[in-house]
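All residue numbers for the sequence shown refer to my numbering, where the first residue is 205 and numbers rise by one. Beta carbons are placed, not taken as given, at the ideal position from N, Cα and C, and that holds for glycine. Heads up, the thing below is written out as structure tokens.
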Amino acid sequence: MRPRLLLVDDDARILSGLRRQLHSRYAVTVAEGGAAGLAAIAEQGPFAVVVSDMRMPGMDGATFLARVRLAAPLTTRVLLTGQTEPAAAIRAINDGQVFRFLNKPCPPETLDRCLQEAVVRYEAARDEESALAAVLADRRVLDHVLDPTVPAGDALAAELLDALRNGEFHLRYQPIVDLADEHTVGVEALMRWTPAHAGLVTAARFIPAAEATGLIRPLGRWVMSAACQEVASWPAMSATESLRVHINLSEGQLRDPQLADDLQQALTLSGFDPHRVTLEIDHGPALSELQPLASLRTLRDRGMELALCGFTDAALLRDTAERLPLAVAKIRRHLTALLPTDERHSGVLFTQIVATAHDLGIRAVAEGIETDAQRDAARERGCDHGQGYRYGSPAEAGDLLTLLVGA
């Protein structure tokens with residue numbers, strides 16, 4: 205059966221040409237304008253892929269795709285934009301969660317490749333929904349989560365079930381900068397949860413509940429997929445084309461034998477370059493176990509970088525680097541905070557970590573830079589990169605792109 209494709213534009217000639225180009229491989233429906241596109245979805249049900257022009261009277265492409273997202277959340281959404289429309293592309297990221305931007309005029313081979321990837325993503329999302337339904341239907345999970353005799357903290361896990369169903373999770377991104385010239389070299393993807401009945405919940409609160417109940421795998425897969433897809437969809441410009449995306453892995457994920465395959469699937473579906481992915485891990489018991497170490501080496505062999513977080517000890521860095529092919533060492537924020545005022549202790553420890561990292565061919569990142577004095581102290585000690593509120597708090601994708609475009 206051919207995948208179902210909806211093409212939306214206000215120009216009938218363009219729609220006719222695209223239909224002729226694509227009808228042999230897709231079941232194509234065309235709609236002149238956003239209102240007609242929404243009507244087609246209401247009448248025919250969800251499509252695998254929706255491709256929309258940006259500039260249309262009455263309802264532009266970003267607004268239309270935002271409504272498609274609500275009506276058919278699994279549908280893969282593609283936006284055609286002019287090269288002079290970066291603001292529109294940023295708005296579409298915020299409102300429409302597009303899979304890919306294509307600049308007009310779009311060569312046929314580029315469109316074909318994009319549609320093939322979009323269909324694969326739709327099918328994977330559909331399969332993921334089925335897998336999630338199986339998790340939610342697993343009585344072992346539900347019995348534990350809903351058991352009134354379990355500790356009160358586990359009640360949070362019951363809310364995670366609804367959050368997964370209702371799409372209440374989202375990502376925010378914090379810049380990582382080169383301390384030499386302060387240009388942004390990467391972003392850390394940070395998972396956030398906004399329940400319908402409450403305010404923002406950070407990962408530190410809900411990840412332990414997810415690990416305790418077995419929900420960490422679907423949550424982790426969501427982060428991997430969302431981060432790769434979202435960053436891959438950002439409009440191509442000098443400020444974004446080489447950005448690395450940092451993704452955190454929990455202890456539970458490290459112990460999951462499917463971790464490497466899950467990450468590979470996220471990369472394949474998004475088309476994101478694995479050489480632009482840095483996986484952040486904390487030093488913990490899992491790093492003394494054979495299976496997590498094997499998974500991390502596999503990921504490194506597939507092109508992804510490994511970063512170990514929270515260093516306060518140069519000897520620990522050297523010991524860990526003997527067992528893991530590390531590329532990045534992140535220095536704990538409390539050392540960074542004390543740099544300007546505690547030269548004799550924190551300053552010495554910080555300098556030793558940076559020197560050891562460089563001796564091992566590892567980049568050093570100072571976490572928690574909030575002031576010019578902390579930045580200057582880290583820079584003077586040869587630290588490569590920095591991260592913290594001095595450069596930006598975790599932000600939604602569109603806000604971060606606005607910052608990068610204006611930089």
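Please report the distance separating the alpha-carbon of residue i from that of residue j.
i    : j    : result
P489 : V532 : 20 Å
E600 : V427 : 14 Å
F515 : R536 : 5 Å
D486 : M395 : 16 Å
P616 : L520 : Examination of residue 616 is not possible in this model, given that the chain is present from 205 through 611 alone.
V272 : L242 : 7 Å
V234 : R281 : 15 Å
T638 : D264 : Because residue 638 is not part of the residues shown, which for the chain are 205 to 611, the question remains open.
H348 : A328 : Bear in mind that the predicted position of H348 carries a pLDDT of just 46, short of 50, making it unreliable; the figure below should be weighed with that in mind. About 28 Å.
E415 : R317 : 37 Å
R206 : R229 : 6 Å
L270 : D523 : Correcting the residue identity first, residue 270 is Ala in this sequence and not Leu. Their Cα atoms are separated by approximately 49 Å.
I'd like the span of the alpha helix (DSSP H) that includes residue i, first residue to last.
i    : result
A239 : 238 to 248
Q469 : 463 to 474
F251 : No alpha helix (DSSP H) holds F251; DSSP gives it neither H nor E.
D505 : 494 to 505
R583 : 576 to 584
T524 : 518 to 527
D563 : 552 to 563
G590 : Looking at the DSSP string, G590 is not in any alpha helix (DSSP H); the run it does join, the beta strand (DSSP E), is 589 to 591.
E600 : Premise fails: E600 is in no alpha helix (DSSP H) and is neither H nor E.
A266 : 265 to 275
A216 : 216 to 226
If we call anything under 9 Å between Cβ atoms a contact, is residue i one with residue j?
i    : j    : result
A518 : T540 : no
L483 : L510 : yes
T555 : G586 : yes
L604 : G592 : no
L458 : L364 : no
T285 : F305 : yes
P219 : E236 : Pro is not the amino acid found at residue 219; the sequence shown has Leu there. Cβ distance < 9 Å, so L219 and E236 count as in contact.
A400 : L375 : no
L512 : L564 : no
Considering Cα atoms alone, identify which of the options is closest to residue i.
i    : options                : result
S195 : L528, Y326, R271       : Nothing can be reported for residue 195, as the shown portion of the chain is limited to 205 through 611.
G371 : P461, P277, M441       : P277
I178 : A393, Q462, L383       : Because the chain here runs from 205 to 611, residue 178 falls outside it and cannot be looked at.
A231 : V253, L383, L543, G507 : V253
G390 : L375, A581, V449       : V449
G221 : T267, A246, F303, P312 : P312
E584 : D465, L383, A431       : L383
S474 : D580, V324, L543, M441 : V324
L553 : A581, R594, V255       : A581
I245 : L274, A266, H374       : L274
A479 : S499, L500, D505       : For clarity, residue 479 is His in the given sequence; the question names Ala instead. Cα-wise, what sits closest to H479 is D505.
A577 : G551, E445, L283, Y326 : G551
T472 : G602, L283, A322       : A322
At which residues does the beta strand (DSSP E) containing residue i begin and terminate?
i    : result
W397 : 388 to 397
I380 : 373 to 382
E509 : 509 to 515
E415 : From DSSP, E415 is part of no beta strand (DSSP E) but of the alpha helix (DSSP H) over 407 to 417.
T280 : 280 to 285
A568 : 567 to 570
T545 : No beta strand (DSSP E) holds T545; DSSP gives it neither H nor E.
I573 : Taken as a continuous stretch (DSSP letters only), I573 belongs to no beta strand (DSSP E), as it is neither H nor E.
Are any of the Cβ atoms in chain B nearer than 9 Å to that of residue i?
i    : result
L604 : The chain labelled as chain B is not found in the depicted structure, where only one protein chain is given.
**OP:** Would you check if there are 3 or more beta carbon pairs closer than 8 Å linking the stretch 398 to 410 to the stretch 430 to 446?
**Re:** Contact fails: fewer than three Cβ-Cβ distances are below 8 Å.
Original post:
Any contact of the stretch 260 to 272 with the stretch 224 to 235, i.e. 3+ C-beta pairs under 8 Å?
Top reply: no
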